[in-house]
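In this note's numbering, each residue carries its 1-based index in the sequence shown increased by 189.
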Amino acid sequence: MPKRRSLPLDDASPQMKTLAAWCTDHGLNVRRTSSLQLKVGPFNVWPDAGTWNRDDDLKRKSGLRLFREAVERWGRESGIWVSGTIIAFPL
């Protein structure tokens, strides 16, 4: 299966750029899938709307702080988060 390409962040909103930078700073692969959405591991996030969901739970949740907490919890539970840094990120 071909690897999906990420759209550039050049024309992204400040909220999207900030969240993408947070992901990158934490060693996460982040992909812009549309003008409004980022994909981070099993998470889909719409930064401008402040909503997100997980691939295995399609109900949208609100709050980017809660999104970051969910990503950190996922990193710890999956064994790829060590001292606040993702050490290995499955593609």
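Glycine residues also receive a C-beta, built at the ideal position from the N, C-alpha and C atoms.
- Cβ neighbours of residue 233 within its own chain (closer than 7 Å, five residues either side excluded): 226, 241, 242.
- Of the candidates 208, 210, 229, 211, the residue whose Cα lies closest to the Cα of residue 218 is 229.
- For residue 247, there is no enclosing alpha helix (DSSP H); the enclosing beta strand (DSSP E) covers residues 246 to 251.
- Check the Cα spacing between residue 260 and each of 200, 231, 198: the tightest is with 231.
- Rounded to whole angstroms, the gap between the alpha carbons of residue 222 and residue 257 is 19 Å.
- Within 10 angstroms of the beta-carbon of residue 208 lie 16 or more other beta-carbons, which makes it buried.
- Contact between residue 237 and residue 202 is confirmed by a C-beta separation of about 5 Å, below the 8 Å threshold.
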